[in-house]
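Step one of this worksheet: look at the structure below.
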Amino acid sequence: MSGDLHIVLTWHDWIDLFAHYMVLSLMSVGGAIATTGEMHRYLVEQHGWLTQQQFTDAIAIAQAAPGPNVLFVALIGWTVGLNAGSYLAAVLGVIVTMVGIMLPSSVIVLLAASWGQRNRELRAVRAFKQGMAPLVIGMLISTGIVLGGANRDPANEWPLYIVSVLAAVILWRTRIHLLWLLGAGALVGALGWL
Amino acid sequence: MTQPPAPPPGSVPHPRPRSRRDLFVAFTLLALQGFGGVLPVVQREMVERRRWMTQEDFVEEWAVAQTMPGPNVVNLSIVIGNRYFGVSGALAALAGMLLVPSLVVLALATVYAQFSDNPRVAGALRGMGAVTAGMIAATGIKLAATLTRHPLPLPVTATLAGLAIVALAALRLPMPGVLAVVGGIGCVLTWRRLTP
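Residue numbers (the working numbering), protein chains in the order written: chain F, 1 to 194; chain P, 1001 to 1196.
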């Protein structure tokens, strides 16, 4: 991530950033990654606190790194702070963006989960949790399909599809540790076969 | 919150986390295994290895995590933590999911600049991405086994799951609409099947 951008952030800007991430948190049904369009508009286009390259790098690195994908938000906050000139600002950036994106949604989830736990024998609660099951399963399979084929060129990238299908079959049929599969994928890729 | 909530209903006794620290450690370890997606690891650890939950429990809690705002897999950690130790359990699981992994991501980003142009690194990332896609699909296929024990007949649940796949993967319809329509139909049909 190149630090070729120099910005000045006032306290008002930090509060604005925090408020914006709190709103994004409430909008993030379907995951934080679903709000990246709005994040890009706000940070890159409207305020110029991040370069285009820094924004796409943050998402790519977080996807490749361990941990939930929402950590791209921490990386964005970190980079905005670095652009503002110091590691102290970078730490502040991580805290502001991560607390902002997590706080409202987590409170809602906690309230919903506690209520559901207390009322788990209610017919409506059981109907909701069990009735969503087919959708939840269909959604997971779709996510795999979309990730496996997103933005790719089928004529030239068929080896990637083979790797995805093989990984799916092996994981479905065996109890092999997930890291062996990831390591094999990394090795095949590093050898230049993909 | 000294009195943990009663264990989830079910005839077979399941192991459970002994403490909040147990939850924190479990979620830290599983988050650090999740390259490109943590959900398959949560399913593997919670259901198959630690056996804190059944497949059915997992699908039910995932339904809650998915329909609420927020990063889904992080929501799932909150729901699971809350299930065992209430609010403090939710915080322990949440902290496990985010604390150490965020330090790792920031460290990786700091060294990334030196290697971003290396074709072998780029190739390795592509390979890991392809494996991740397969892992997420396989998690869905494994959980599909729970549909045989669903209150609704299998042809109905299979049709609903198929509709979701066509809408999301083939037609690329927006998630909230599919969630409302396919999820809504599933909930109404299930409600009618359940005894009051």
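Even glycine gets a Cβ: it sits at the ideal position worked out from N, Cα and C. Predicted, not measured: the structure shown is a model, and the values here were computed from it.
Item                                                                                                                                               : Value
Should F/M39 be flagged as near chain P, meaning a C-beta pair shorter than 9 angstroms?                                                           : no
Does the beta carbon of P/S1116 sit closer than 9 angstroms to a beta carbon anywhere in chain F?                                                  : yes
Name, in chain order, the residues that DSSP records as bridge partners for P/F1115.                                                               : Its beta-bridge partners do not exist; DSSP assigns none.
Looking only at DSSP bridge pairs, what is F/V29 linked to?                                                                                        : P/P1069
List the DSSP bridge partners of F/F18.                                                                                                            : Beta-bridge pairing links F/F18 to no other residue.
With burial defined as no fewer than 16 other Cβ atoms inside 10 Å of the residue's Cβ, what is the status of P/T1148: buried or exposed?          : exposed
In whole angstroms, what is the alpha-carbon distance linking P/L1179 and P/A1133?                                                                 : 21 angstroms
Could you compute how far the alpha carbon of P/A1158 sits from the alpha carbon of F/L43?                                                         : 42 angstroms
According to DSSP, is P/P1153 part of a helix, a strand, or is it coil?                                                                            : coil
Within a Cβ cutoff of 7 angstroms, which residues of the same chain sit near P/V1156, ignoring the five residues on either side of it in sequence? : L1189
Just mark P/T1002 as buried or exposed, buried being the case when its beta carbon has 16 or more other beta carbons within 10 Å.                  : Because the pLDDT of P/T1002 is 44, which lies under 50, any placement of that residue in the model is unreliable, and the number read from its coordinates should be weighed accordingly. With fewer than 16 Cβ atoms within 10 Å of its Cβ, P/T1002 is classed as exposed.
Does F/N69 have its Cβ less than 9 angstroms from a Cβ in chain P?                                                                                 : yes
For F/V188 and P/G1037, what's the separation of their Cα atoms in angstroms?                                                                      : 19 angstroms
What residue range does the alpha helix (DSSP H) around F/I176 cover?                                                                              : That residue, F/I176, is in no alpha helix (DSSP H); it is neither H nor E in DSSP.
From P/C1187 to F/V163, what distance separates their C-alpha atoms?                                                                               : 36 angstroms
Locate the alpha helix (DSSP H) running through F/H40, then write down its first and last residues.                                                : 36-40
Over what stretch of residues does the alpha helix (DSSP H) that includes P/F1024 continue unbroken?                                               : 1020-1033
Could you check where the alpha helix (DSSP H) with F/I7 kicks off and where it finishes?                                                          : That residue, F/I7, is in no alpha helix (DSSP H); it is neither H nor E in DSSP.
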